[in-house]
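To keep things clear, I will list the structure first and then write my remarks on it.
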Amino acid sequence: MDVNELFWQASIKDIKKGYLDEATHFTCLLCGEKIEQGIIYPHEGVLYEAEKFMQHHITAVHQSVFHYLNGLNKKMTGLTDHQSHILRLFYEGKTDQEIKEELEIGSATTIRHHRFTLKEKERQAKTFLAMMELLKEQDQKEDSFVPIHKTATMVDDRYNITISEEQQLLEKYFPNDIGKELVRFPKREKHKIVILRALTKLFDEAKQYSEKELNAMIQPMYEDYVQIRRSLIEYGFIDRKEDGSAYWVKK
Numbered sequence: 001m002d003v004n005e006l007f008w009q010a011s012i013k014d015i016k017k018g019y020l021d022e023a024t025h026f027t028c029l030l031c032g033e034k035i036e037q038g039i040i041y042p043h044e045g046v047l048y049e050a051e052k053f054m055q056h057h058i059t060a061v062h063q064s065v066f067h068y069l070n071g072l073n074k075k076m077t078g079l080t081d082h083q084s085h086i087l088r089l090f091y092e093g094k095t096d097q098e099i100k101e102e103l104e105i106g107s108a109t110t111i112r113h114h115r116f117t118l119k120e121k122e123r124q125a126k127t128f129l130a131m132m133e134l135l136k137e138q139d140q141k142e143d144s145f146v147p148i149h150k151t152a153t154m155v156d157d158r159y160n161i162t163i164s165e166e167q168q169l170l171e172k173y174f175p176n177d178i179g180k181e182l183v184r185f186p187k188r189e190k191h192k193i194v195i196l197r198a199l200t201k202l203f204d205e206a207k208q209y210s211e212k213e214l215n216a217m218i219q220p221m222y223e224d225y226v227q228i229r230r231s232l233i234e235y236g237f238i239d240r241k242e243d244g245s246a247y248w249v250k251k
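Take the sequence shown: its position 23, counting from 1, is numbered 23 in the UniProt record's numbering, and each next residue is one higher.
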């Protein structure tokens, strides 16, 4: 299971921690980094037990779980850019007066109104989560939707696809299995995203690829490898350096 699926299937408790305890190792829900249990990890003169080292990893790489979540696409958080900014300042312990001065807006009363608005969103979210849990309990046979990758550049109805629909499309476009010949690159957005998601899983998330290496992986599957490469970037599956010298899977 890739890190995107792990993230969306994790409990709120585990998402708050930022990692999963998977018996033999800890897995970072934010990037997929794995820390083997039962090992002492030295770092800059300090010895860490596995779980402490995972916590150190989250701080060193992601700053905090809060900062990572707050930086997700607004379609994922339901927050405007302005709300995300204010929420981060709240998290960092800024007073209403300090936030007012930093943002140079309104008054301390305006900031308190933002606090109230965010509390209201929290109550709404709790109610909605409870209803969704009850819905799942009511209909356990419901076909699950494919998790949306956290780095999606735009989230809309194109991502409205179930797991069974995805499987049917993959069999259609990859009749000889994923990684073999792609019969064609579809024009329909929903179909296109299914193909790009499947192709992304063929790449090593821990590796940076040169453009030549990336092309060499794509070309045996589809002749117009440039179109595929551009689409992987456009839809937020792959990122690259500005000069095109390195490509990697976005997490």
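Idealized CB from N, CA, C, for every residue including glycine.
Values in this document were obtained by computation on a predicted structure and should not be read as measured data.
When you compare the CB positions of Tyr222 and Asn215, do they come within less than 8 Å of one another, or not? Cβ atoms of Tyr222 and Asn215: not closer than 8 Å.
I'd like to know whether the C-beta atoms of Ser164 and Ser210 end up nearer to each other than 8 Å. Going by C-beta atoms, Ser164 is not nearer than 8 Å to Ser210.
Since Ile195 and Tyr235 are thought to touch, with beta carbons under 8 Å apart, how far apart are those beta carbons, to the nearest angstrom? The Cβ separation is near 10 Å, so there is no contact.
Is the Cβ-Cβ distance between Val183 and Glu166 less than 8 Å? By the CB criterion at 8 Å, Val183 and Glu166 fall outside the cutoff.
If contacts are defined as beta-carbon pairs under 8 Å, then Glu5 and Phe26 qualify, I think. What distance do you get, rounded to the angstrom? So it is not a contact: roughly 17 Å between Cβ atoms.
Three or more beta-carbon pairs under 8 Å between the segment 34 to 52 and the segment 75 to 95, yes or no? At 8 Å Cβ cutoff, the stretches do not touch.
Which class does Lys94 belong to by DSSP, given the choice of helix, strand or coil? Correct three-state label for Lys94: coil.
Unbroken alpha helix (DSSP H) run spanning residue 312, endpoints: Not covered by the structure: residue 312. The range shown for the chain is 1 to 251.
Taking all protein chains shown into account, decide if Phe116 is buried (16 or more other Cβ within 10 angstroms of its Cβ) or exposed. Sixteen is the threshold: since fewer than 16 other Cβ atoms of the shown chains lie within 10 Å of the Cβ of Phe116, the residue is exposed.
Any idea which residues DSSP pairs Val249 with across the strands? Paired residue(s): Ile238.
Let me know the secondary structure DSSP gives Tyr225 once reduced to three states. It is helical.
Chain D beta carbons: is any one of them nearer than 8 Å to that of Tyr235? Any reference to chain D falls outside this structure, which holds one protein chain only.
With distances taken Cα to Cα, identify the nearest neighbour of His191 among Leu202, Tyr159, His113 and Gly78. Checked all of Leu202, Tyr159, His113 and Gly78; the closest Cα to His191 is Tyr159.
Start and end of the beta strand (DSSP E) containing Val61? From DSSP, Val61 is part of no beta strand (DSSP E) but of the alpha helix (DSSP H) over Ala50 to His62.
Sorted by chain position, which residues of the same chain lie with C-beta nearer than 8 Å to Ala198's C-beta, five sequence neighbours on each side aside? Cβ within range, chain order: Leu170, Phe174 and Ile178.
By Cβ distance, which residues of its chain are closer than 7 Å to Ser107, with the 5 residues on each side in sequence left out? Taking C-beta separations shorter than 7 Å and ignoring five residues to either side along the sequence, the partners of Ser107 in its chain run Lys100, following chain order.
Roughly how many whole angstroms lie between the Cα atoms of Ile86 and Pro220? Rounded to the nearest angstrom, the two C-alpha atoms are 48 Å apart.
Could you tell me if Lys17 is buried or exposed, where buried requires 16 or more neighbouring beta carbons within 10 angstroms of its beta carbon? Buried, since its Cβ has 16 or more Cβ neighbours within 10 Å.
Lys75, enclosing beta strand (DSSP E) - first and last residue: Looking at the DSSP string, Lys75 is not in any beta strand (DSSP E); the run it does join, the alpha helix (DSSP H), is Lys74 to Thr77.
Just the Cα atoms here: how many angstroms apart are Thr109 and Thr95? One Cα belongs to Thr109, the other to Thr95, and the distance between them is close to 12 Å.
Cut-off 8 Å between Cβ atoms - residues of its own chain near Phe7, not counting five sequence neighbours on either side: Result list for Phe7: Ile15, Leu29, Leu30, Pro147 and Lys150, in chain order.
Beta-carbon within less than 6 Å of Phe237's beta-carbon, same chain only, minus the 5 sequence neighbours each way: which residues are those? Within the same chain, Phe237 has close Cβ partners Leu196 and Thr200.
So is Leu232 buried or exposed if we call it buried at 16+ other beta carbons inside 10 Å? It is buried - the Cβ of Leu232 has at least 16 other Cβ atoms within 10 Å.
Could you have a look at Leu47 and say whether DSSP puts it in helix, strand or coil? If DSSP states are grouped into helix, strand and coil, Leu47 belongs with the strands.
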